[in-house]
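Undergrad: Quick note: the sequence shown uses our numbering, first residue 2, plus one each step.
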Amino acid sequence: MSEVANISGSIRRRLTLQLLGIAAVLAALLFVMVMTYAKQVAEESQDNILSASATAILDSAAIQSGEVTVDIPYSALSMLGNVSDDRVFYRVVTDGDYLTGYESLPETTAPRGQENHQFITSHYLGESIRMVSATRRLSNAAGPVEVTVSVAQTLKRQRETLERISTNAAYLGFGFFIAAALLGVLTAQSAVRPVQTLANSVSRRGPQDLRAVQAPVPGEMAPLVVALNRFMARLKKSLSRSEEFIAEAAHRIRTPLAVLRTQAEIALRRVERPENRAALKEMIRAIDESSRAAGQLLDHAMVSFRTDHLEVKEINLLELADETLERLRPLAEMQDKTLSLRGDVPPPIKGDAILIQNALSNILDNALKYAPYGEDVQVSVATEGKWVVLSVCDQGPGFAPEDMEQLTERFSRGKNAQDTVGSGLGLTIAEEVAQAHGGHLKLSNRTTKRGACVSFFFPQF
Ligand SMILES: Nc1ncnc2c1ncn2[C@@H]1O[C@H](COP(=O)(O)OP(=O)(O)O)[C@@H](O)[C@H]1O
Ligand SMILES: [Mg+2]
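#1: Which same chain residues end up closer than 7 Å to residue 458 when comparing Cβ atoms and leaving out the 5 residues on each side of it in sequence?
#2: Please classify residue 392 as buried or exposed, where buried requires at least 16 other C-beta atoms within 10 Å of its C-beta.
#3: Starting from residue 460, trace the beta strand (DSSP E) both ways and give me its first and last residue.
#4: Which residue spans inside the region 27-87 form an unbroken alpha helix (DSSP H) run of at least 4?
#5: Do residue 1 and residue 359 have their CB atoms nearer than 7 Å?
#6: Residue 274 CB to nearest chain D CB: under 7 Å?
#7: Can you find a heavy atom of ligand 2 that lies under 6 Å from the Cβ of residue 367?
#8: Quick check on the DSSP output: the alpha helix (DSSP H) that includes residue 355 runs from which residue to which?
#9: Do you know offhand how far residue 362's Cα is from residue 325's?
#10: Is the beta carbon of residue 232 less than 7 Å from the beta carbon of residue 28?
#11: Taking 7 Å as the cut-off, decide whether the C-beta atoms of residue 422 and residue 235 are in contact.
#12: Could you check whether the Cβ of residue 423 sits closer than 6 Å to any heavy atom belonging to ligand 2?
#13: Starting from residue 119, follow the beta strand (DSSP E) in both directions and report where the run begins and ends.
#14: How about residue 58 and residue 39: are their beta carbons less than 7 Å apart?
#15: When we look at the beta-carbon of residue 347 and count the other beta-carbons within 10 Å, is it buried (16 or more) or exposed?
#16: Distance check for residue 290 and residue 356, CA to CA, integer angstroms please.
#17: Can you grab the Cα-Cα spacing for the pair residue 2 / residue 171, in whole Å?
#18: Per DSSP, which one or two residues make a beta bridge with residue 132?
#19: How is residue 426 classed by DSSP in three states: helix, strand or coil?
#20: Where do the ends of the alpha helix (DSSP H) carrying residue 441 lie?
#21: Kindly give me the distance between the Cβ atoms of residue 207 and residue 20, rounded to whole angstroms, as I take these residues to be in contact under 8 Å.
#22: Start and end of the beta strand (DSSP E) containing residue 98?
#23: Compute the distance between the beta-carbons of residue 319 and residue 344, then report whether it is under 7 Å.
#24: Taking DSSP as the reference, what is the three-state secondary structure of residue 224?
#25: Which value, in whole angstroms, describes the spacing of the CA atoms of residue 477 and residue 264?
#26: Run the CB neighbour count on residue 7, radius 10 Å, all protein chains shown included, and call it buried at 16 or more, exposed below.
#27: Is it right to say residue 246 is buried, meaning 16 or more other beta carbons lie within 10 angstroms of its own, or is it exposed?
#28: By alpha-carbon positions, which one of 327, 62, 308 and 397 ends up nearest to residue 432?
#29: Is the distance from the Cβ of residue 415 to the Cβ of residue 452 below 7 Å?
#30: Within the chosen definition, does the region 267-281 reach the region 320-340 through at least 3 CB pairs nearer than 8 Å?
#31: So, are the CB atoms of residue 192 and residue 251 less than 7 Å apart?
#32: So, for residue 409: in the same chain, excluding its five sequence neighbours on each side, which residues have a beta-carbon less than 8 Å away from its beta-carbon?
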């Protein structure tokens, strides 16, 4: 199975980049808006002062002995001069004839605005200026006279102000971008978090765990979870179908094998020639091996089925071990071996008694099988931290160290198993039972004397 996925792009990276892009655009927009507004305000305030100044000058225009006179009030220019070191110009024109001021100031062509004031931005004496022109009609003996006053001011101060505002606006835009970028990164992270949570919860599962994913997920992920759950349901179904098939096959083989064995034994009694007897004995041994294998296949199927539907109860391991030993004692006595049980009453565990008994029988069966000259098989129950440990130790040859890794795999048998009947499922069953109870199985060799130990670790209730 490949552990590497075929990766194309990353949602988080794409989202982060998009959010960064949006943040940059918004920051630029903010900058432009602040600048536009600042410029507008600066221009308006300058225009207002220019207007006031022009109006003040215009107000001082009068007709004295048939001539237009303009007495420029001090305040009219000082209100402009006060503001900054900008230069101020003015010009007064009557009916198109230059009267006083800077004659060469640009002509006003702009449309007349509020209160008949016309504004233009232009150049004068090498500097940019803002200029207002205001007009008023006076009555002379010869008829009406039109007086036009223009007041202009250089834009130096306004430029400086705008430059200062632009620096601040740039800082503001940059700060906004940084804050938005940080939020964007966080958002992108939190957007993909449910995917990571789901992946973690699925990969944390044990190999047998094919239950549907129940944890709540965001709506967008529902199709994925539904598909995953359907897939697991199909997988589970096909697994259990093949378990059922194996169990059924084993069951169907067992009965004819029993018949065959009886027939072979009857034949053995009748036959006298040594080579025929040897052949029949060999046949009986093969039949035994097959029916044992069929039995273990059945056991294994039963264990697989029950681990999916654990019937947990509170169990006292010492009592359970005692019952199991009692059942196997006749078998042990036939081989001149004793089965002994040690241990104090342990804390209870939560488990399926039938499964644990089955697992323990398989381990005891091994101990009796592989320790041919060992006289004693010791079973003990003890508490180790949060575990309740059930151990079976014999005085046989022990496990071959190089085998130990694989012995719990299905159909795996050790080097020392050559002449013994078996199918390589005993330790597999034991390990599956331990794992189904949230525990594990440990194989070891005794350190002080010869012999193998197999220990079940079950978590305390
Ligand atoms: N008590 C034991 N002493 C020595 N070797 C053992 C013992 N129990 C198991 N083994 C080794 O572990 C292997 C796997 O055991 P098991 O899964 O029960 O299969 P089987 O008993 O059918 O061979 C055995 O083939 C044997 O080599
Ligand atoms: Mg075995």
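Beta carbons are placed, not taken as given, at the ideal position from N, Cα and C, and that holds for glycine.
TA: On the basis of the coordinates in this document:
#1: 388, 390, 435, 440, 441 and 443
#2: buried
#3: 453-460
#4: 75-82
#5: This structure does not reach residue 1, given that the chain is present from 2 up to 462, and the question cannot be answered.
#6: Absent here is chain D; the protein component of the structure consists of one chain.
#7: yes
#8: 354-371
#9: 7 Å
#10: no
#11: no
#12: yes
#13: 119-125
#14: no
#15: buried
#16: 23 Å
#17: With a pLDDT of only 48 at residue 2, under the threshold of 50, the placement of this residue in the model should not be trusted, and no figure is reported.
#18: 121 and 153
#19: coil
#20: Premise fails: residue 441 lies in the beta strand (DSSP E), 441-446, not in any alpha helix (DSSP H).
#21: That pair is no contact at about 39 Å.
#22: 98-102
#23: yes
#24: helix
#25: Look at the range of the chain in this structure, 2 to 462, and you will see that residue 477 is not part of it.
#26: exposed
#27: exposed
#28: 308
#29: no
#30: no
#31: no
#32: 428, 429, 431, 432, 442 and 444
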